[in-house]
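**Student:** Have a look at this one before I ask anything.
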Amino acid sequence: TRISDPRQRFILHSFVKFGAPRDILYRANPHIGTDLLKNVIKNMRQALIEMGVEIRFQTELTDLQITDKKISGIVLNDSESVPCSALILAIGHSSRDTYQMLAERNVFLQPKAFAAGVRIEHKRTYVDAMQYGQENLGLPTANYRLVYNGKERSCYSFCMCPGGTIV
């Protein structure tokens with residue numbers, strides 16, 4: 003990550019607790035990789051379930067129940083009502099319908115600044131040659147990133163998964 007956030011140490015320690023390699027705690031560019039991350043996330047999910055958390059897949063938040071201008075429940079899949087007094091939404095991509103529903107319910111929404119990221123793929127041999135020269139001499143897989151800082155917005159390359167496979 004390139005994010006400077008006080009919670010970063012807690013997050014990295016949590017990843018290690020659930021199976022990520024310890025070197026992410028001290029590397030300049032901590033990287034887990036999808037091949038390892040999928041098991042870390044499974045371990046996290048199992049720990050949450052053991053604490054009583056219910057995790058649902060293929061479930062859509064379709065409405066809010068509001069009483070006296072406060073959340074009192076949610077509606078899932080247009081049919082199931084679940085009472086609640088607090089709601090945290092971690093909305094991912096393809097969520098236009100959820101934002102539309104929130105706007106229709108007069109929920110205060112505020113845009114957040116974001117950076118645009120792109121995935122650029124090069125062969126490992128090419129990256130190693132560009133970073134180290136034509137002869138690698140047994141050095142570790144090279145790492146790099148591309149950044150564009152524009153007047154209004156910046157753009158950067160995602161982690162390049164050095165030596166790995168993009169999944």
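Numbering (my numbering), first residue to last: 3 to 169.
From the three backbone atoms N, C-alpha and C, an ideal C-beta is built for every residue, glycine too.
(1) Kindly indicate which three-state DSSP category residue 50 falls into: helix, strand or coil?
(2) What is the DSSP secondary structure of residue 150, counted as helix, strand or coil?
(3) Ignoring anything shorter than 3 residues, give me the beta strand (DSSP E) runs that lie fully in the stretch 70 to 95, in order along the chain.
(4) Distance check for residue 14 and residue 40, CA to CA, integer angstroms please.
(5) Return the CA-CA distance between residue 67 and residue 74, expressed in angstroms with no decimal places.
(6) Pull up the distance between the alpha-carbon of residue 85 and that of residue 78, whole angstroms please.
(7) How would you call residue 22, buried or exposed, if buried means at least 16 neighbouring beta carbons within 10 angstroms?
(8) Inspect the CB distances between the stretch 89 to 96 and the stretch 114 to 130 and report whether three or more fall short of 8 Å.
(9) Between residue 119 and residue 76, what straight-line distance do the alpha-carbon atoms span, to the nearest angstrom?
(10) Tell me where the alpha helix (DSSP H) around residue 16 begins and ends.
(11) Cβ atoms of residue 147 and residue 159: under 8 Å apart, would you say?
(12) Using the DSSP secondary-structure output, state which residues sit across from residue 159 in a beta bridge.
(13) My understanding is that residue 12 touches residue 42, with C-beta atoms under 8 Å, so please give their C-beta distance in whole angstroms.
(14) Out of 44, 30, 105, 59, which has the shortest C-alpha to C-alpha gap to residue 6?
(15) Leaving out five residues on either side along the sequence, give the residues of the same chain with a beta carbon under 7 Å from the beta carbon of residue 51.
(16) Just to confirm my understanding: we take residue 32, look at its own chain, exclude 5 residues before and 5 after, and list those with CB closer than 8 Å. What are they?
(17) Quick check: does the Cβ of residue 97 come within less than 7 Å of any heavy atom belonging to the ligand FMN?
**Tutor:** With the structure as the only source:
(1) The residue you call residue 50 lines up with position 48 of the sequence shown. Residue 50: helix per DSSP, three-state reduction.
(2) Here the question's residue 150 lines up with position 148 in the sequence shown. It is a strand residue.
(3) 72 to 78, 82 to 85
(4) As a first step, residue 40 must be located in the sequence shown, where it is residue number 38. As a first step, residue 14 must be located in the sequence shown, where it is residue number 12. Rounded to the nearest angstrom, the two C-alpha atoms are 15 Å apart.
(5) Within the sequence shown, residue 67 is the residue found at index 65, counting from 1. Within the sequence shown, residue 74 is the residue found at index 72, counting from 1. The straight-line gap from Cα to Cα measures roughly 5 Å.
(6) Locating residue 85 in the sequence shown gives position 83, where the first residue counts as 1. Locating residue 78 in the sequence shown gives position 76, where the first residue counts as 1. Cα-Cα distance, rounded: 11 Å.
(7) For this step, residue 22 is matched to residue 20 along the sequence shown. Residue 22 is buried by the Cβ-count criterion.
(8) no
(9) Numbered from 1 along the sequence shown, position 117 holds the residue referred to as residue 119. Numbered from 1 along the sequence shown, position 74 holds the residue referred to as residue 76. Near 33 Å, if we compare the C-alpha coordinates of residue 76 and residue 119.
(10) To locate residue 16, count along the sequence shown from 1; it is residue 14. Note, residue 16: alpha helix (DSSP H), 10 to 19.
(11) One-based indexing of the sequence shown puts residue 159 at position 157. One-based indexing of the sequence shown puts residue 147 at position 145. Yes, the Cβ-Cβ distance between residue 159 and residue 147 is below 8 Å.
(12) Taking the first residue of the sequence shown as 1, we reach residue 159 at position 157. Answer is 120, bridged to residue 159.
(13) Position 10 of the sequence shown, counted from the first residue, corresponds to residue 12. Position 40 of the sequence shown, counted from the first residue, corresponds to residue 42. At roughly 15 Å, the Cβ-Cβ gap does not stay under 8 Å, so residue 12 and residue 42 are not in contact.
(14) Counting from 1 along the sequence shown, the entry for residue 6 is found at position 4. For the residues 44, 30, 105, 59, the minimum Cα distance to residue 6 belongs to 30.
(15) Along the sequence shown, read from residue 1 onward, the residue named residue 51 stands at position 49. Non-local beta-carbon contacts of residue 51 in its own chain, meaning distances under 7 Å to residues more than five positions away in sequence, involve 57 in chain order.
(16) Counting from 1 along the sequence shown, the entry for residue 32 is found at position 30. Cβ neighbours of residue 32 within its own chain (closer than 8 Å, five residues either side excluded): 3, 14, 25, 26.
(17) In the structure on display, the ligand FMN does not appear, and there are no ligands present to speak of.
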